[in-house]
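Single-structure report; data block below.
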Amino acid sequence: SKLVQWMVQHKFGMSISVQEIRDLCRSSSGLGLSAVASSGKKGCFSVFLAETPANFSGFVTDSESSNHGLSKEAQHEAVCLLNGRGWPMAVLPEHQGYEISAWLRVRSARLRREPLGRILVFVKHAHTGLCLLGKSGGRLVPYTDSDAYQKRCNMQKLRPTGVQPGERYVATWHVLRDCLRFLLLRMGDGGKGELASNDLKHLFRQQFGAELSETAFGCLNLSDLLVHPELEP
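Residue numbers (our numbering): 64 to 296.
Structure below.
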């Protein structure tokens with residue numbers, strides 16, 4: 064449904080909601096809908112044609128997906144183009160992957176011969192596997208502009224992430240140990256001395272007026288921080 068939404072915007076310059084797409088498909092002959100249970104997104108669905116087009120050669124297969132959709136030569140060309148940046152910004156952040164895929168086809172005669180589906184598979188791999196792309200504000204961007212890259216840089220330089228100038232944050236192991244000890248003694252679940260890790264940052268702000276940032280201690284995520292040798296009894 065999101066791909067259809069982007070294609071309408073891309074080809075015709077029209078904005079249409081997912082609900083409008085659903086309603087149009089239900090009222091149009093020759094179109095069908097199917098739920099996408101594996102997407103993990105509520106209300107996600109696919110649109111399909113009741114009759115197979117004459118020139119349809121099939122969807123991307125599992126073996127093609129495992130090869131990231133493109134030949135080695137096409138992958139190399141796509142990597143070079145992504146490294147050069149310059150793709151247009153999609154109207155909606157969640158459409159950026161489609162916009163990048165279309166841009167790759169426009170920029171390369173080799174990639175223009177490839178179906179959009181195969182290029183979409185590669186763009187996803189460029190994000191999740193190659194670290195050529197990352198996300199910032201929900202939008203795909205060059206990896207060095209992404210939130211993940213900024214967080215990794217902060218981790219390497221022992222700087223906090225998401226802390227505004229002038230905001231307090233926990234900066235030393237000694238303070239961190241004292242704060243955790245206080246929370247475990249005073250707020251541990253049912254006196255068991257246990258705290259849910261997903262509550263910790265909120266509790267630090269609530270109880271101490273300070274941010275807890277794992278990158279300030281050289282960790283990329285909170286789970287790594289909590290098992291760090293510095294916090295061992």
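Ideal Cβ positions, reconstructed from N, Cα and C, are used throughout, including at glycine.
Owing to the predicted nature of the structure, the values given are computational and were not obtained by experimental measurement.
Alpha carbon of residue i to alpha carbon of residue j, nearest angstrom
{"i": "Arg98", "j": "Ser109", "result": "Residue 98 is actually Ala in this sequence, not Arg. Distance between the alpha carbons of Ala98 and Ser109 is about 6 angstroms."}
{"i": "Leu183", "j": "Tyr161", "result": "7 angstroms"}
{"i": "Trp236", "j": "Leu258", "result": "19 angstroms"}
{"i": "Arg244", "j": "Gln219", "result": "27 angstroms"}
{"i": "Ser78", "j": "Leu87", "result": "14 angstroms"}
{"i": "Arg85", "j": "Ser64", "result": "8 angstroms"}
{"i": "Pro223", "j": "Ser199", "result": "17 angstroms"}
{"i": "Cys282", "j": "Leu221", "result": "8 angstroms"}
{"i": "Val204", "j": "Cys107", "result": "24 angstroms"}
{"i": "Arg148", "j": "Leu248", "result": "52 angstroms"}
{"i": "His188", "j": "Phe267", "result": "37 angstroms"}
{"i": "Gly121", "j": "Glu114", "result": "13 angstroms"}
{"i": "Cys194", "j": "Val142", "result": "11 angstroms"}
{"i": "Leu288", "j": "Ser91", "result": "55 angstroms"}
{"i": "Glu293", "j": "Gln269", "result": "24 angstroms"}
{"i": "Leu66", "j": "Gly95", "result": "15 angstroms"}
{"i": "Arg89", "j": "Leu246", "result": "55 angstroms"}
{"i": "His73", "j": "Ile163", "result": "12 angstroms"}
{"i": "Leu144", "j": "Asn284", "result": "31 angstroms"}
{"i": "Arg215", "j": "Phe119", "result": "44 angstroms"}
{"i": "Gly15", "j": "Ala273", "result": "An answer regarding residue 15 cannot be provided, because it is not within the stretch 64 to 296 covered by the chain."}
{"i": "Arg202", "j": "Glu83", "result": "23 angstroms"}
Burial state of residue i, where buried means 16 or more other Cβ atoms lie within 10 Å
{"i": "Leu133", "result": "buried"}
{"i": "Glu177", "result": "buried"}
{"i": "Gln159", "result": "buried"}
{"i": "Asn217", "result": "buried"}
{"i": "Gln68", "result": "buried"}
{"i": "Phe185", "result": "buried"}
{"i": "Thr299", "result": "Residue numbering for the chain in the displayed model covers 64 to 296; residue 299 lies beyond these limits and cannot be assessed."}
{"i": "Arg181", "result": "buried"}
{"i": "Ala117", "result": "exposed"}
{"i": "Ser260", "result": "exposed"}
{"i": "Ala172", "result": "exposed"}
{"i": "His265", "result": "exposed"}
Candidates the options: closest to residue i by CA position
{"i": "His190", "options": "Arg175, Leu174, Thr207", "result": "Thr207"}
{"i": "Leu275", "options": "Val238, Gly192, Met70", "result": "Val238"}
{"i": "Phe280", "options": "Gly272, Phe271, Val290", "result": "Val290"}
{"i": "Arg175", "options": "Cys282, Pro292, Glu140", "result": "Glu140"}
{"i": "Asn146", "options": "Arg173, Leu196, Ala172, Pro156", "result": "Leu196"}
{"i": "Asp262", "options": "Ser286, Leu87, Leu66", "result": "Ser286"}
{"i": "Val81", "options": "Arg173, His188, Glu157, Lys220", "result": "Glu157"}
{"i": "Gly93", "options": "Leu112, Phe75, Cys107", "result": "Leu112"}
{"i": "Val233", "options": "Phe271, Leu203, Pro205", "result": "Phe271"}
{"i": "Met70", "options": "Ser120, Leu179, Phe119, Met250", "result": "Leu179"}
{"i": "Asp241", "options": "Asn284, Arg202, Pro296", "result": "Pro296"}
DSSP beta-bridge partners of residue i
{"i": "Ser109", "result": "Ser97"}
{"i": "Val204", "result": "Gly197"}
{"i": "Tyr232", "result": "Glu274"}
Closer than 7 angstroms: residue i CB and nearest the ligand GDP heavy atom
{"i": "Leu294", "result": "Absence of the ligand GDP from the depicted structure is noted, as is the absence of any ligand whatsoever, leaving it without description."}
Practice task
Decide if the stretch 221 to 228 is in contact with the stretch 153 to 171; the criterion is three or more beta carbon pairs, one per stretch, under 8 angstroms apart.
Solution key: Remark: fewer than three beta-carbon pairs, one from each stretch, lie closer than 8 angstroms, so the stretch 221 to 228 and the stretch 153 to 171 are not flagged as touching.
Exercise for the section: Kindly confirm or deny that the stretch 206 to 226 and the stretch 151 to 166 touch, where touching means at least three C-beta pairs closer than 8 angstroms. Expected result: Segments in contact, no.
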